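Okay, structure first, notes after.
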Amino acid sequence: MAIISTAGLARTFQTKQGPVEAVRGVDLTVQPGEIVGFLGPNGAGKTTTLRMLTTLLAPTGGAATVAGCDLVREPGRVREKTGYVAQSGGVDPTISVREELVTQGRLYRLTKPQAIARAEDLARELDLTELLDRKCAALSGGQRRRLDIAMGLMHRPEVLFLDEPTTGLDPGSRADLWDLVRRLRDEYGTTVFLTTHYLDEADALADRLVIVDKGTVVAEGTPSALKLKYGGSIDATLQDTFLAITGRSAPPQDTTPVAV
Ligand SMILES: Nc1ncnc2c1ncn2[C@@H]1O[C@H](COP(=O)(O)OP(=O)(O)OP(=O)(O)O)[C@@H](O)[C@H]1O
Numbered sequence: 001m002a003i004i005s006t007a008g009l010a011r012t013f014q015t016k017q018g019p020v021e022a023v024r025g026v027d028l029t030v031q032p033g034e035i036v037g038f039l040g041p042n043g044a045g046k047t048t049t050l051r052m053l054t055t056l057l058a059p060t061g062g063a064a065t066v067a068g069c070d071l072v073r074e075p076g077r078v079r080e081k082t083g084y085v086a087q088s089g090g091v092d093p094t095i096s097v098r099e100e101l102v103t104q105g106r107l108y109r110l111t112k113p114q115a116i117a118r119a120e121d122l123a124r125e126l127d128l129t130e131l132l133d134r135k136c137a138a139l140s141g142g143q144r145r146r147l148d149i150a151m152g153l154m155h156r157p158e159v160l161f162l163d164e165p166t167t168g169l170d171p172g173s174r175a176d177l178w179d180l181v182r183r184l185r186d187e188y189g190t191t192v193f194l195t196t197h198y199l200d201e202a203d204a205l206a207d208r209l210v211i212v213d214k215g216t217v218v219a220e221g222t223p224s225a226l227k228l229k230y231g232g233s234i235d236a237t238l239q240d241t242f243l244a245i246t247g248r249s250a251p252p253q254d255t256t257p258v259a260v
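Count the sequence shown with full-length UniProt numbering and you get residues 1 to 260, in order.
The following block contains the structure:
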């Protein structure tokens with residue numbers, strides 16, 4: 001059974017300048033344990049879709065289930081089973097990494113000893129152990145990103161949504177994050193749904209790509225299948241494939257990675 005299933009999922013924003021159809025009827029099916037890359041040009045509707053699938057934003061049309069729960073009727077259960085790491089997470093700069101993680105665990109109703117143990121496990125997995133007693137304000141950009149991800153994993157979600165998880169990370173930290181995503185899937189069967197503008201990341205990490213443009217799905221398939229169908233050959237680059245599908249190049253890559 002699909003772990004994410006959407007039919008005609010839509011969101012229109014009402015603005016002073018008139019309605020903005022950010023997502024116009026997205027149909028998606030994701031199987032348990034899949035790593036899906038959700039790609040598209042700037043403004044295609046990726047974040048809006050993620051915010052709906054994580055119950056942060058109500059759809060204005062269509063229906064969806066996530067981890068067997070209806071998005072609109074059972075938002076609390078969807079939240080229990082999903083983790084969301086937004087583009088910029090909100091951490092409290094005045095408290096320590098450990099306190100931030102334990103507080104997050106407590107919000108998900110872990111007991112205090114469970115939350116402390118989970119925080120230490122995740123710190124180990126995300127290379128944060130030596131930073132556990134450091135104030136969040138004193139973390140580098142890359143360390144902050146790893147903390148954001150640890151927070152999204154405190155309740156061991158069945159589905160993890162990552163919005164541009166490696167933007168701003170240096171190459172070594174990106175590779176570590178890819179390893180972590182693969183381990184989550186292999187060891188815990190976690191389904192991972194991630195947006196990224198790094199086409200090499202999508203190519204290396206995702207089992208399947210879903211490409212959106214102007215609020216609708218315009219192509220989907222394995223990276224190789226998309227290269228063959230749209231790029232003309234299995235050896236085509238994903239950059240050329242993306243260009244063929246959307247008529248636009250992928251947005252410029254972040255060329256100034258932060259140190260961790
Ligand atoms: N709260 C809002 N009010 C009005 N329009 C919005 C709102 N949020 C998003 N939009 C518009 O909806 C469209 C889709 O935005 P969204 O952030 O989902 O795109 P995206 O694919 O995540 O883009 P990016 O790659 O730049 O992060 C854009 O045109 C955006 O301006």
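Glycine included, C-beta positions come from ideal geometry on N, C-alpha and C.
These numbers were taken from a predicted model, which means no experiment stands behind them.
Distance CB(residue i)-CB(residue j) smaller than 8 angstroms
{"i": "Leu-243", "j": "Lys-227", "result": "no"}
{"i": "Val-159", "j": "Ile-35", "result": "no"}
{"i": "Thr-246", "j": "Val-218", "result": "yes"}
{"i": "Gly-33", "j": "Gly-221", "result": "no"}
{"i": "Ala-236", "j": "Pro-223", "result": "no"}
{"i": "Leu-180", "j": "Met-154", "result": "no"}
{"i": "Glu-187", "j": "Met-151", "result": "no"}
{"i": "Gly-40", "j": "Val-192", "result": "no"}
{"i": "Ala-137", "j": "Thr-94", "result": "yes"}
{"i": "Leu-71", "j": "Thr-82", "result": "no"}
{"i": "Leu-147", "j": "Val-91", "result": "yes"}
{"i": "Ile-149", "j": "Leu-131", "result": "no"}
{"i": "Gly-76", "j": "Thr-6", "result": "no"}
{"i": "Arg-134", "j": "Val-97", "result": "yes"}
Same chain only: Cβ atoms within 7 angstroms of residue i, ignoring 5 sequence neighbours per side
{"i": "Val-68", "result": "A quick correction: the sequence has Gly, not Val, at residue 68. Within the same chain, Gly-68 has no close Cβ partners at all."}
{"i": "Arg-11", "result": "Ala-22, Val-23, Thr-48, Met-52, Leu-57, Pro-59 and Thr-60"}
{"i": "Asp-254", "result": "Note that Asp-254 scores a pLDDT of 47, beneath 50, so its modelled location is shaky; the value from the coordinates is reported in the next line. Excluding residues within five positions, the ones whose Cβ falls inside 7 angstroms are Thr-167 and Gly-168."}
{"i": "Arg-79", "result": "Thr-55"}
{"i": "Thr-241", "result": "Leu-226, Lys-227, Tyr-230 and Gly-231"}
{"i": "Asp-27", "result": "Thr-6, Ala-7, Gly-8 and Val-217"}
Per-residue burial, residue i [other beta carbons within 10 Å of its own, 16 or more giving buried]
{"i": "Ala-64", "result": "buried"}
{"i": "Met-1", "result": "exposed"}
{"i": "Ser-173", "result": "buried"}
{"i": "Gln-31", "result": "exposed"}
{"i": "Phe-38", "result": "buried"}
{"i": "Gly-231", "result": "buried"}
{"i": "Thr-129", "result": "exposed"}
{"i": "Arg-118", "result": "buried"}
{"i": "Arg-185", "result": "buried"}
{"i": "Val-66", "result": "buried"}
{"i": "Gln-104", "result": "buried"}
{"i": "Arg-248", "result": "exposed"}
{"i": "Thr-15", "result": "exposed"}
{"i": "Arg-144", "result": "buried"}
Expected contact under 8 angstroms - CB spacing of residue i and residue j to nearest Å
{"i": "Glu-120", "j": "Thr-166", "result": "With 8 angstroms as the limit, Glu-120 and Thr-166 do not qualify as a contact, their Cβ atoms being about 24 angstroms apart."}
{"i": "Tyr-108", "j": "Phe-161", "result": "About 16 angstroms; that fails the 8 angstroms criterion."}
{"i": "Thr-216", "j": "Gly-25", "result": "6 angstroms"}
{"i": "Ala-44", "j": "Lys-214", "result": "7 angstroms"}
{"i": "Gln-87", "j": "Asp-163", "result": "5 angstroms"}
{"i": "Ala-115", "j": "Arg-124", "result": "Ala-115 to Arg-124, Cβ: 15 angstroms. No contact."}
Residue i Cβ short of 7 angstroms to ligand 3 heavy atom set
{"i": "Thr-111", "result": "What this structure holds is ligand 1, not ligand 3."}
Sequence-distant residues of the same chain with beta carbon closer than 8 angstroms to residue i, five excluded per side
{"i": "Val-258", "result": "For Val-258, the predicted model reports a pLDDT of 43, less than 50, meaning its position is unreliable and no value from the coordinates is stated."}
{"i": "Lys-46", "result": "Phe-38, Leu-39, Gly-40, Asp-163, Thr-195 and Val-212"}
{"i": "Leu-110", "result": "Arg-118, Met-154 and His-155"}
{"i": "Ser-233", "result": "Lys-227"}
{"i": "Arg-183", "result": "Glu-125"}
Beta-carbon proximity list for residue i, same chain, < 6 angstroms, skipping 5 on both sides
{"i": "Leu-50", "result": "Phe-161 and Asp-163"}
- Query: Any residues whose CB sits closer than 6 angstroms to a heavy atom of ligand 1? List them in chain order?
  - Reply: Phe-13, Thr-15, Val-20, Ala-22, Gly-40, Asn-42, Gly-43, Ala-44, Gly-45, Lys-46, Thr-47 and Thr-48
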